[in-house]
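**Student:** Numbering (our numbering), first residue to last: 1164 to 1224.
The beta carbon of each residue, even a glycine, is placed where N, CA and C say it ideally should be.
This structure is a prediction, so every number in the text was calculated from the model and none was measured.
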């Protein structure tokens, strides 16, 4: 799983964000703070354009 940053700064794995993006294809509401992150494309393509959280990736490695 790839940890991705939402605009609010919270991190979720790519598969969780993909599930969230199914409701509204071009945006994702953060489950923690409800801030809406706009995706540049619909669905998986938009999610994969989010920035990875390299700090979390280092901890998980």
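Rounded to the nearest angstrom, what separates residue 1204 and residue 1221 at their Cα positions?
**Tutor:** In a straight line, the C-alpha of residue 1204 is about 27 Å away from that of residue 1221.
**Student:** Who are the Cβ neighbours of residue 1193 in its own chain at under 6 Å, not counting the five residues just before and after it?
**Tutor:** Result list for residue 1193: 1169, 1171 and 1173, in chain order.
**Student:** Do residue 1213 and residue 1202 have their CB atoms nearer than 9 Å?
**Tutor:** Their beta carbons are under 9 Å apart, which means residue 1213 touches residue 1202 by this criterion.
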